[in-house]
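Numbering-wise (the numbering used here), the sequence shown opens with residue 5 and increments by one.
Glycine is no exception: its CB is placed at the ideal position from the N, C-alpha and C atoms.
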Amino acid sequence: RSVYDDQPNAHQRFMEKLDACIRNHDREIEKMCNFHHQGFVDAITELLKVRADAEKLKVQVTDTNRRLQDAGKEVIAQTEEIIRCRVQQRNITTVVEKLQLCLPGEYYSALKTMEQLENLYLPRVSQYRFCQIMIENLPKLREEIKEISMSDLKDFLESIRKHSDRIGETAMKQAQQQKTFSTPLQKQNNVNYGRNMCLGRSRILESKNEITLKRTFEEDDEHEEEVLTAQDLVDFSPVYRCLHIYSVLGDGEIFENYYRKQRRKQARLVLQPQSSMHETVEGYRRYFSQIVGFFVVEDHILHVTQGLVTRTYTDELWNMALSKIIAVLRTHSSYCSDPDLVLELKNLIVVFADTLQGYGFPVNRLFDLLFEIRDQYNETLLKKWSGLFRDIFEADNYSPIPVGNEEEYKIVISKFPFQDPEFDKQSFPKKLPMSQSVPQIYIQVKEFIYASLKFSESLHRSSTEIDDMLRKSTNLLLTRTLSSCLQNLIKKPHIGLTELVQIIINTTHLEQACKYLEDFISNITNISQVTVHTARLYGLSTFKDARHAAEGEIYTKLNQKIDEFIQIADYDWTMSESDGRASGYLMDLINFLRSTFQVFTHLPGKVAQTACMSACQHLSTSLMQMLLDSELKQISMGAIQQFNLDVIQCELFASSEPVPGFQGDTLQLAFIDLRQVRHYQIFPFQIISLMCLCDLFFYFSRMKDSSKKNNIFAQFRKNDRDKQKLIETVVKQLRSLVNGMSQHT
5 RSVYDDQPNA HQRFMEKLDA CIRNHDREIE KMCNFHHQGF VDAITELLKV RADAEKLKVQ
65 VTDTNRRLQD AGKEVIAQTE EIIRCRVQQR NITTVVEKLQ LCLPGEYYSA LKTMEQLENL
125 YLPRVSQYRF CQIMIENLPK LREEIKEISM SDLKDFLESI RKHSDRIGET AMKQAQQQKT
185 FSTPLQKQNN VNYGRNMCLG RSRILESKNE ITLKRTFEED DEHEEEVLTA QDLVDFSPVY
245 RCLHIYSVLG DGEIFENYYR KQRRKQARLV LQPQSSMHET VEGYRRYFSQ IVGFFVVEDH
305 ILHVTQGLVT RTYTDELWNM ALSKIIAVLR THSSYCSDPD LVLELKNLIV VFADTLQGYG
365 FPVNRLFDLL FEIRDQYNET LLKKWSGLFR DIFEADNYSP IPVGNEEEYK IVISKFPFQD
425 PEFDKQSFPK KLPMSQSVPQ IYIQVKEFIY ASLKFSESLH RSSTEIDDML RKSTNLLLTR
485 TLSSCLQNLI KKPHIGLTEL VQIIINTTHL EQACKYLEDF ISNITNISQV TVHTARLYGL
545 STFKDARHAA EGEIYTKLNQ KIDEFIQIAD YDWTMSESDG RASGYLMDLI NFLRSTFQVF
605 THLPGKVAQT ACMSACQHLS TSLMQMLLDS ELKQISMGAI QQFNLDVIQC ELFASSEPVP
665 GFQGDTLQLA FIDLRQVRHY QIFPFQIISL MCLCDLFFYF SRMKDSSKKN NIFAQFRKND
725 RDKQKLIETV VKQLRSLVNG MSQHT
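So this is what it looks like as structure tokens:
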């Protein structure tokens, strides 16, 4: 409006400018079109080329679709047929299920209908022939119904025979879930001693019995929340129906007798175990499950029927079965040599007994049987631990245990209760007096106590009874198994004197540890040792007997070693003159005895003294036998002198106190018979020996006087003082021997 209203020529100028703007836009458009024209031409060209290929592809797609539709017609037809069949199948299944619901009353309704026909309707039309035919066929129909129901009953009996193990397994699971086997005793064991028993392993108790029982009946369906019952596993309707039909027909007693007879036959089959049942725990589990399943079915029939099964009948059947079960378990358990298998069997018997007890069956005899099996379990444990003890003794080096620092010492005393204040004062490194077998034996004894405790749990016994059982089984381990192993070890030929000495030391420390074992058992059972009926461990007598046997073996081996040296003695009884030195074999023997008695420093004083006295007496007797040998016809003065020198060395050895603790000349008296031969048949020899002794006495007297005169400072030197003391001792002994033999001659 402003263009038309303001100026007269404004419209014309506006139109000119508008035309100029249009021309500019047209030029821009033309430039753009010129720029893209070639690309457009190329695209059109490519599109024309693609059109031919698109036509070909269209033909191929159309052909493929046609062929696919033709091929799919048959599949579609089959699919429709399958759908139709599945619908029919579902309908048939529904009909069958509905018919099954109606079956329990089918035969009974037929019987009622026949009764009405026979008593009410047929008499009204009895003049007709068809009525007579119907009346004649009614008994046959009744028999057919009885036969059909009996066939169903037989199928039922076969079904429960097949499912009895599954029924029993389910019942045992239920009983196991309802009963908790964790007693206060087990809880205390777990709290106080579950992780601090110095056994080097983490398997101490920790409710092992309960874990084992839970694992006993684990199957693939262990995570199922719903626990099936006997009714869920077996359809009992054939029994009810058959019982009802026979009762209606007046044959209820016949049916009861038949049912009980068949069930007795099945009971005998169930109670018959497989020959290999004792080899695995699965065999026992299957056996128990079948028996439980059988009696669960009978208990169910007892409670849901009237008269078919009575309590008297089930009790009689159970007593018969119980006697058979006990006999079978006695026989098969006697074949078990593995304590773990015996323990599994015990757990199964406990679950088996608890399950049937829950159904009202008495099971006291089963728990009495468990006590018999407990003795067998202990026997298997004793055999197992006998092998463990033998292995420990074989691997022992019979040397004191070296401890280089405090940590090593704590490790040892954590395994064995060693207490010695004097030993604690010593600096490291040092050696414990016992060898490596001592803590290992102590650990194994505690392991045995735990193994024995496993069987005692869940037996419905008091803590006092369990404590008594543990102590008795431990006493058997100590007095029979360990004692036998020690006795056999001591008698082994490769066990030398050093080993025997270490065995004596080991038994001393094991004997001292018995009081700790008694405390250990008391802590487990929570029964004080001051209780009147508490048994004591017999380990003291066991280790004392072993120590005495080792001591006797030391005396024997010492004498055998002396005999070996004596056997190499080669006296020339015709020698003209002695060489002035004791025989080489005798010096070797004396050196051996000295070194041996040094090892005896750790032994009790009386043991070392007895061994030393026994060795000297045996040596004296052996030398005496040389002189009294019947084959010795004559002896020269030189031989007498040589033999005299050997006897003097023996006497010097005895006087040197090889083992401390002898009073006066006690040890020297072992050789007195060599100087005072009382047998008159060697009278000439005594005269010669007396002459020789006189010469020796004169010689040593001159030596004694010479020493006093020529060396006035001898008393200030220790070696000279010892030498002088030795000469005085020899002179004293020679004087007494000369005087003694002079009196006899």
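| Item | Value |
| --- | --- |
| Simplified DSSP state of Pro-242, which is helix, strand or coil | helix |
| Cβ-based burial, Asn-351 [other Cβ within 10 Å; buried from 16] | buried |
| Residue environment, Met-36, which counts as buried when at least 16 other CB atoms sit within 10 Å | exposed |
| Contact check, Val-238 vs Leu-157, beta carbons under 9 angstroms | no |
| Within 9 angstroms, strictly: CB atoms of Ala-573 and Leu-597 | no |
| Cβ pair count under 8 angstroms reaching 3, the region 450 to 457 against the region 500 to 518 | no |
| Val-416 - containing alpha helix (DSSP H), residue span | 410 to 419 |
| Cβ neighbours of Val-354 in the same chain (closer than 7 angstroms, five flanking residues each side left out) | Ser-462 |
| Buried or exposed by the 16-neighbour rule on C-beta atoms within 10 Å, applied to Thr-529 | buried |
| Nearest neighbour of Ser-418, chosen from Ile-258, Val-65 and Val-442 [CA to CA] | Val-442 |
| Cβ-based neighbour list, Asn-382, same chain, cut-off 7 angstroms, excluding 5 preceding and 5 following | Ser-456, Ser-477 and Leu-480 |
| Helix, strand or coil at Ile-572 [DSSP, three-state] | coil |
| Stretch pair the region 239 to 258 + the region 270 to 286: three plus CB contacts closer than 8 angstroms | no |
| Assigned secondary structure, Leu-474 (DSSP; H/G/I helix, E/B strand, else coil) | helix |
| Limits of the unbroken beta strand (DSSP E) element including Lys-269 | Looking at the DSSP string, Lys-269 is not in any beta strand (DSSP E); the run it does join, the alpha helix (DSSP H), is 256 to 275. |
| Meets three-Cβ-pair contact criterion under 8 angstroms: the region 577 to 596 and the region 649 to 656 | yes |
| Neighbour flag for Phe-604 against chain B, beta carbons, 9 angstroms | Chain labels in this structure do not include chain B; a single protein chain is all it has. |
| Where Ile-639 sits in the DSSP three-state scheme | coil |
| Option in Lys-434, His-40, Ile-87 and Tyr-339 with minimal Cα separation from Tyr-413 | Lys-434 |
| Separation of Glu-376 from Glu-469, as counted between CA atoms | 15 angstroms |
| Assigned secondary structure, Leu-436 (DSSP; H/G/I helix, E/B strand, else coil) | strand |
| Rounded Cβ spacing between Met-176 and Arg-146 (contact assumed at less than 8 angstroms) | That belief does not hold up - the Cβ atoms of Met-176 and Arg-146 are roughly 43 angstroms apart, past 8 angstroms. |
| Strand pairing of Val-407, partner residues [DSSP] | Lys-434 |
| Cα-Cα separation, Asp-46 to Asp-67 | 32 angstroms |
| Leu-203 versus Ile-447 - alpha carbon distance | Note that Leu-203 scores a pLDDT of 35, beneath 50, so its modelled location is shaky; the value from the coordinates is reported in the next line. Rounded to the nearest angstrom, the two C-alpha atoms are 6 angstroms apart. |
| Span of the alpha helix (DSSP H) around Ile-164 | 133 to 182 |
| Proximity below 9 angstroms, CB of Ile-453 to CB of Leu-486 | no |
| CA nearest to the CA of Thr-578, picked from Leu-623, Glu-398 and Ser-640 | Ser-640 |
| Boundaries (first-last residue) of the alpha helix (DSSP H) holding Lys-450 | 441 to 460 |
| For Ser-634 and Leu-627, the rounded distance between their alpha carbons | 14 angstroms |
| Whole-angstrom distance between Ile-330 and Leu-374, CA atom to CA atom | 10 angstroms |
| Spatial distance of Phe-18 from His-41 (CA atoms) | 34 angstroms |
| Supposed close pair Ser-168, Gln-278 - CB separation, criterion 8 angstroms | Contact flag wrong, Cβ pair sits at about 15 angstroms. |
| Cβ shell of Val-274 (< 7 angstroms), same chain only, five flanking positions each side left out | Ser-168, Gln-294, Ile-295 and Phe-298 |
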